[in-house]
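**Student:**
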Amino acid sequence: MKKTRIFVFFVILIVFMASLSVSVLAQVVEKGGTLVFGRGGDSVGLDPIQVTDGESFKVTQQIYDTLVDYKPGTTEVIPALATDWDISDDGLRWTFHLRENVEFHDGNPFNAEAVKWNFDRWRLEDHPYHIGGEFTYYGYMFQGFPGIIDEVNVIDEYTVEFILTEKQAPFLNNLAMVPFGISSPEAVKKWGEDYFKHPVGTGAYKFVEWNQGDRVIVEANENYWRERAYLDKIVFRSIPDNAARFMELQAGTIDMMDGLSPEDVDAVKDSSELKLTLRPSMNVGYLAMNFKFEPFDDVRVRRAFNHAINKEALIGAFYSGLGEPAKNPMPPSIWGYNDDIEPYEYNLEKAKKLLDEAGYEDGFEFDLWYLPVPRPYIPQGKFIGQAIQSYLSEINVKANLVTYDWSTYLDKTEHQEAPTYMLGWTGDNGDPDNFLYVLLDKTNSNNAYESEELHEVLIEAQKTMDREKRIELYRKAQKIIHRDAPWVPLVHSTPPLALKSNINNFIPNPTGTEKLHRVWLDK
Amino acid sequence: MAGKNNKKIKQKKIMQKNTNPWLEAFRRLIKSRIGVAGLTVIFLLLLVAVFAPVLAPYDPLKTNIMARYKAPSSEHLLGTDGMGRDILSRIIFGSRISLQVGLISVSLALIFGVGFGLVAGFYGGKVDMIIMRLMDIMLAFPSILLAIAIVAILGPQLKNAMLAIGIINIPRFARIIRSSVLSIKESEYISAARALGAGDMRILFKHILPNAMAPLIVQTTLSIATAILEAAALSFLGLGAQPPSPEWGAMLSDARSSLQKAPWVATFPGLAIIFGVLGFNLLGDGLRDALDPKMKNV
Chain A
1 MKKTRIFVFF
11 VILIVFMASL
21 SVSVLAQVVE
31 KGGTLVFGRG
41 GDSVGLDPIQ
51 VTDGESFKVT
61 QQIYDTLVDY
71 KPGTTEVIPA
81 LATDWDISDD
91 GLRWTFHLRE
101 NVEFHDGNPF
111 NAEAVKWNFD
121 RWRLEDHPYH
131 IGGEFTYYGY
141 MFQGFPGIID
151 EVNVIDEYTV
161 EFILTEKQAP
171 FLNNLAMVPF
181 GISSPEAVKK
191 WGEDYFKHPV
201 GTGAYKFVEW
211 NQGDRVIVEA
221 NENYWRERAY
231 LDKIVFRSIP
241 DNAARFMELQ
251 AGTIDMMDGL
261 SPEDVDAVKD
271 SSELKLTLRP
281 SMNVGYLAMN
291 FKFEPFDDVR
301 VRRAFNHAIN
311 KEALIGAFYS
321 GLGEPAKNPM
331 PPSIWGYNDD
341 IEPYEYNLEK
351 AKKLLDEAGY
361 EDGFEFDLWY
371 LPVPRPYIPQ
381 GKFIGQAIQS
391 YLSEINVKAN
401 LVTYDWSTYL
411 DKTEHQEAPT
421 YMLGWTGDNG
431 DPDNFLYVLL
441 DKTNSNNAYE
451 SEELHEVLIE
461 AQKTMDREKR
471 IELYRKAQKI
481 IHRDAPWVPL
491 VHSTPPLALK
501 SNINNFIPNP
511 TGTEKLHRVW
521 LDK
Chain B
1001 MAGKNNKKIK
1011 QKKIMQKNTN
1021 PWLEAFRRLI
1031 KSRIGVAGLT
1041 VIFLLLLVAV
1051 FAPVLAPYDP
1061 LKTNIMARYK
1071 APSSEHLLGT
1081 DGMGRDILSR
1091 IIFGSRISLQ
1101 VGLISVSLAL
1111 IFGVGFGLVA
1121 GFYGGKVDMI
1131 IMRLMDIMLA
1141 FPSILLAIAI
1151 VAILGPQLKN
1161 AMLAIGIINI
1171 PRFARIIRSS
1181 VLSIKESEYI
1191 SAARALGAGD
1201 MRILFKHILP
1211 NAMAPLIVQT
1221 TLSIATAILE
1231 AAALSFLGLG
1241 AQPPSPEWGA
1251 MLSDARSSLQ
1261 KAPWVATFPG
1271 LAIIFGVLGF
1281 NLLGDGLRDA
1291 LDPKMKNV
């Protein structure tokens, strides 16, 4: 009797273990299927070098590879089309060894010639295929045309050499950026100005169709040099309204979405069919004050504003708590962040005192521009603008809220027409230069902040190869910026995404877009 | 039967001799249910607008981001919005803005429309041709599109929205007046006035305008309703009232992102717009009946 019992017990145990291991096996990747990705806008173009918007990069990143890439979920540089590389002692000669047996989607081989052809097209204004746009990101990152890349030389079929005119510390990080995806030279020659509608790269997915304003479709590249993509097909659908996109997700007509409104985070958490994924934070949302407009030329007024806004409360109310208050213009996730900076704390007394000293005890009136569209760093511009307005009213300052449509807004702020304005930035490559130089150097700032002292530090940091020295320089830069208070840094947000619960292995990148070749679906 | 009817008509005529025709119209208006309903709604609206500071339980602009999207309760009868403001108080203060928009923009349309219509109808010829073709061009645009274009040029502000709504309503008034003037100016009493030596101005404002008043009043009332709606539409698009102003259309627009989470934020301003517009439309219909000479015996 007893023996049978033990026997039955063991049988049950074995069956149980077996079923467990089966369910573990079921966790093994399931291949195939279509993913419908809902997003806030259409791509501008699919030639990555010609675009600057995330919605374009989201798609081109699937179609193209870059010489080097970021490790998923980070900004650490890893090999991609280049397997390894050497740097000369003076930092001016970079030699890349390329991956062999890689083919473009049109069947042409990837080699050193193709790399040279792409770089020549981007950097040489007299290149016959330097057409179809402004090559904006090339100019940004490599300082114009031809910029600091003096020569690109083919050493042999799989070795290519770059000669720089001056040292650029973030050179490798820059090369990993999505805009520098390598195109098939033959395809560019074939389509000319229309290449942006017929992208051909070496990536995990091949371009199928682009129905402008509605959707872009890509399908798995069977000859991908990494393992073939798990999904068969991805459809990128544009649904501009956040609420409408979320309703589609709930209805099941899309599988995942970015740009989830913080208002809907709780609904995702409560749903058994959806899951929440957080993008690692690498951004800043800020309120800039324009030095060209009185009284913002007075540092006491700018500091008073810094003291008058309660950032924690804003994050609690308008970000569902998904973010942290900013004290520096760059996020703590980036090396070189100066955590020793003492933030201007929320303190109305101090704010009022500073205004008194500046001669504005009776306050003043000014225009506050608020973001017309939801962005990852400021998802609810109108609400946050009203909250800032009400904070400032506590120190007798009257803010008139103003806004324009998004492209006008960007254009006008770029031309320094806004007295104060909300804006933000998502990092491209994880380098401090990509925040401090791009946003606050005297050559780039949109609020007429023109500090010679800061400029010198930032330029020196660009030319310094040693990481420790660069960290010191950037820490110093943040100190200068904190002292001058050109902005009220508001928040480093953690943008939320919503996915159906059957989506696996989606790893959001801090840069805002990611490759989707390792994503797979439970059937 | 016929005899009885005749008698009634005679009695009416005798009565009319002693009464002001406007008083008579008013009497007819308050006899009609539609008219009374419209008047009541508008009266209520006016009351709310005038006594807003007394009626509103909270400051309509007072934000409290710790109390966002609170459902209707005894504390906040209609709940709170995305900035934690009391929706009831905002709707109450919003009535001021809506009435203001309605009255100011329609007055603007009325003054210019009537001016153009009178001149065009009275002088005829080339003047008429130029003015009315201009009006036709304006009418050829969808009115809200024209308003958006005007606001886009002037900048998004409530006063510009009012101006835009005023402008797009000018042609309707001009047309109505002109057609009245065309028939009235052929009347014998106009010839008589002219024979007595009356000048153009006297004839226009003393004889023609008062006789063209009835359709104008109806059109004015109905236009206020559309003006309120158009202002709400412009504000919804972000082209009218700017935050934190408690304009009803702007409130609706703010509520869009939270439709699922907090439906009351959209519902109540929506109802307020319906209520206000309905009031003026009902009054307009009532007035049309009351002022129509053919309806005198009804």
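Chains as they are written, first to last, in the working numbering: chain A, 1 to 523; chain B, 1001 to 1298. Using N, Cα and C, we set each Cβ at its ideal position, and we do this for glycine too.
Does the distance from the C-beta atom of A:Val115 to that of A:Ile163 stay below 8 Å?
**Tutor:** No, the pair does not count as a contact, with Cβ atoms beyond the cut-off.
**Student:** I want to verify the contact list: residues of chain A whose CB lies under 9 Å from the CB of B:Arg1028, in sequence order.
**Tutor:** Here the premise fails: no neighbours, minimum Cβ distance about 48 Å.
**Student:** In terms of alpha-carbon separation, which member of B:Ser1095, B:Ala1037, B:Phe1112 and B:Gly1084 lies closest to B:Leu1216?
**Tutor:** Nearest C-alpha to B:Leu1216: B:Phe1112.
**Student:** Taking B:Gly1035 and B:Gly1270 to be in contact with their CB atoms under 8 Å, please state how far apart those CB atoms are, rounded to whole angstroms.
**Tutor:** B:Gly1035 to B:Gly1270, Cβ: 25 Å. No contact.
**Student:** Does the distance from the CB of A:Trp335 to the CB of A:Ile480 come in under 8 Å?
**Tutor:** Contact: no.
**Student:** Starting from A:Phe145, find everything on chain D with Cβ-Cβ shorter than 8 Å and list it in chain order.
**Tutor:** The question asks about chain D, but that chain is absent: this structure's protein chains are A and B.
**Student:** May I have the straight-line CA-CA distance separating A:Asn447 from A:Glu193, to the nearest angstrom?
**Tutor:** The alpha-carbon atoms of A:Asn447 and A:Glu193 are separated by roughly 35 Å.
**Student:** Decide if the region 309-316 of chain A is in contact with the region 499-519 of chain A; the criterion is three or more beta carbon pairs, one per stretch, under 8 Å apart.
**Tutor:** The region 309-316 of chain A, when compared against the region 499-519 of chain A, does not touch it at the 8 Å Cβ threshold.
**Student:** Any Cβ of chain A within less than 8 Å of the Cβ of B:Arg1096?
**Tutor:** With 8 Å as the cut-off, B:Arg1096 does not count as an interface residue toward chain A.
**Student:** Can you say whether A:Asn509 is buried or exposed, counting buried as having 16 or more other CB atoms within 10 angstroms of its CB?
**Tutor:** So A:Asn509 ends up on the buried side.
**Student:** In this structure, how does DSSP classify A:Pro296 when only helix, strand and coil are distinguished?
**Tutor:** The amino acid at residue 296 of chain A is misidentified as Pro; the sequence shows Phe. Coil, per DSSP.
**Student:** I need the straight-line Cα distance from B:Val1277 to B:Thr1063, nearest angstrom please.
**Tutor:** Cα-Cα distance, rounded: 28 Å.
**Student:** What residue from A:Glu113, A:Val208 and A:Ala313 has the CA that sits closest to A:Ile234's CA?
**Tutor:** It is A:Val208 whose Cα lies nearest to the Cα of A:Ile234.
**Student:** Would you say B:Leu1139 faces chain A, with C-beta separation under 8 Å as the test?
**Tutor:** So no, B:Leu1139 is outside the interface.
**Student:** Round the Cβ separation of A:Lys197 and A:Leu46 to the nearest angstrom and send it over; I've been treating them as touching at under 8 Å.
**Tutor:** Right, their Cβ atoms sit about 7 Å apart.
**Student:** Can you pull the chain A residues whose beta carbon is under 7 Å from the beta carbon of B:Arg1256, in chain order?
**Tutor:** Within 7 Å Cβ-Cβ: Ala243.
**Student:** Suppose only complete runs of 3+ residues qualify. What are the beta strand (DSSP E) ranges in the region 268-352 of chain A, listed by chain order?
**Tutor:** Those beta strand (DSSP E) runs which fall completely within the region 268-352 of chain A and span 3+ residues are 274-278, 283-289 and 323-325.
**Student:** Would you list, in chain order, the members of the region 1238-1249 of chain B that have their beta-carbon closer than 8 Å to a beta-carbon of chain A?
**Tutor:** If the cut-off is 8 Å between Cβ atoms, the region 1238-1249 of chain B has Gly1238, Gln1242, Pro1243 and Pro1244 near chain A.
**Student:** Between the C-alpha atoms of B:Ala1225 and B:Ala1147, what's the straight-line distance to the nearest angstrom?
**Tutor:** Computed Cα separation, rounded: 16 Å.
**Student:** Within the same chain, show all residues whose beta-carbon is closer than 6 Å to that of A:Trp406, passing over the 5 residues directly before and after it, in chain order.
**Tutor:** Cβ neighbours of A:Trp406 beyond the five flanking positions: Pro372 and Val373.
**Student:** A:Pro262 and A:Pro379 look like a contact to me (Cβ under 8 Å); what is the Cβ gap, rounded to whole Å?
**Tutor:** About 5 Å; that satisfies the 8 Å criterion.
**Student:** Taking 8 Å as the threshold (C-beta atoms), are A:Gly91 and A:Met422 in contact?
**Tutor:** In this structure, A:Gly91 does not lie closer than 8 Å to A:Met422 by Cβ.
**Student:** In the region 204-256 of chain A, which residue ranges form an unbroken alpha helix (DSSP H) of at least 4 residues, counting only runs that do not cross its ends?
**Tutor:** Taking only runs of at least 4 residues, the alpha helix (DSSP H) segments lying wholly in the region 204-256 of chain A are 242-251.
**Student:** Determine, using beta carbons only, whether B:Ile1150 and B:Ile1170 come nearer to each other than 8 Å.
**Tutor:** Contact flag unset, no.
**Student:** Which class does A:Ala448 belong to by DSSP, given the choice of helix, strand or coil?
**Tutor:** If DSSP states are grouped into helix, strand and coil, A:Ala448 belongs with coil.
**Student:** Mind pulling the chain A residues with CB within less than 8 Å of B:Arg1068?
**Tutor:** Within 8 Å Cβ-Cβ: Ala317.
**Student:** Residues in its own chain within less than 6 Å of A:Met177 by CB, not counting five upstream and five downstream?
**Tutor:** Around A:Met177: Asp428 and Asn429.
**Student:** How about B:Ala1174 and B:Met1135: are their beta carbons less than 8 Å apart?
**Tutor:** For B:Ala1174 and B:Met1135, yes; Cβs fall inside 8 Å.
**Student:** Listed in chain order, which residues of the region 242-271 of chain A have Cβ atoms closer than 9 Å to some Cβ of chain B?
**Tutor:** Residues Asn242, Ala243, Phe246, Met247, Gln250, Ser261, Glu263, Asp264, Asp266 and Ala267.
**Student:** When the Cα atoms are used, what is the spatial distance from A:Asn504 to A:Gly54?
**Tutor:** Between A:Asn504 and A:Gly54, the C-alpha separation is close to 23 Å.
**Student:** If you measure beta-carbon to beta-carbon, which residues of the region 401-421 of chain A are closer than 9 Å to chain B?
**Tutor:** Here the close residues are Leu401, Val402, Thr403, Tyr404 and Asp405.
**Student:** In this structure, does DSSP put A:Ile155 in helix, strand or coil?
**Tutor:** It is a strand residue.
**Student:** What residue does the alpha helix (DSSP H) around B:Met1132 start on, and which one ends it?
**Tutor:** Counting along the chain, the alpha helix (DSSP H) containing B:Met1132 begins and ends at Gly1125 to Ala1140.
**Student:** Quick check on A:Glu453: buried or exposed, where buried means 16 or more other Cβ atoms within 10 Å of its Cβ?
**Tutor:** When all chains shown are included, A:Glu453 counts as exposed.
**Student:** The beta strand (DSSP E) with A:His492 in it runs from where to where?
**Tutor:** It spans Trp487 to Ser493 - the beta strand (DSSP E) in which A:His492 sits, taken as one unbroken run.
**Student:** Mind pulling the chain B residues with CB within less than 7 Å of A:Phe383?
**Tutor:** Under the 7 Å cutoff, chain B gives Gly1082 and Met1083.
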